[in-house]
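Report on one structure; see the data block that follows.
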């Protein structure tokens, strides 16, 4: 009798232990599934790279910040977001100037509606505006590329949205950085800012729009929107972000450098800087 009781006790203990093991196994499996599922699908992974070099005056920097903050909360942007397959996007926002001067203002955030868009806008406006020396578009692109592997999202598209008011004048050639991004399936769109006359600064070029189209942007559906009037600055930012979220391009078609030779030297910024340094 005692032997039977002992056997039953052992069997009961084994069942309990087995249950614990099974429970632990299920728990571990569930944890693995959660980790795997943590890579949430979004319509686009968007890196916003904003020029804060000294060629941008303080008023332009403020308008630029406000433009992005207002764009992500605009009705057009939110409607484009709702029309996407997942109705979500992941975005990060950083500022750049020289080849080693990049600062993340907003780490990766999931935007899935008005509330998260408002939070993003507040976060963009919260950080004091700053300025930096030199203009390294290549440095900004090289900084942006690994950011895509540092988030928890899987985008149907990966896009770098880069704005600036001058040509690359520091760091590696801009075309090398662009090509490195394209090899990874990343699209680069541009926002060349041309609100000043070229006489304002020795580093300005009067065909910055062509420079961006031929030397900076690239990838499927890539495009550039040029800003030439201050009063249309915010409108251009809103239009650009809306098109990027919707996966659309402007009505006109841009001929890329891959299809025709660049209309302006892709090393013009470095050439101007070298001439300037000799004076």
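Residue numbers (mature numbering (1 follows the signal peptide of the UniProt record, and there is no 0)): -22 to -1, 1 to 257. From the three backbone atoms N, C-alpha and C, an ideal C-beta is built for every residue, glycine too.
Among the bridge pairs identified by DSSP, residue 121 is matched with none. Residue range 36 to 50 is occupied by the alpha helix (DSSP H) that includes residue 38. Pairing residue 122 with residue 138 gives a Cβ-Cβ distance under 8 Å.
For residue 162, the secondary structure class from DSSP, reduced to helix, strand or coil, is coil. Of the candidates 194, 224, 249 and 37, 194 places its Cα closest to the Cα of residue 27. Less than 8 Å divides the Cβ of residue 219 from the Cβ of residue 50. Apart from sequence neighbours up to five positions away, the residues of its chain that approach residue 227 with a beta-carbon distance below 7 Å are 199, 201 and 221, ordered along the chain.
In the DSSP assignment, residue 219 falls within the unbroken alpha helix (DSSP H) covering 211 to 224. Straight-line spacing of the CA atoms in residue 24 and residue 89 works out to 11 Å. Boundaries of the alpha helix (DSSP H) around residue 57: 53 to 60. Burial state of residue 130 is exposed, judged by a 10 Å Cβ sphere holding fewer than 16 other Cβ atoms.
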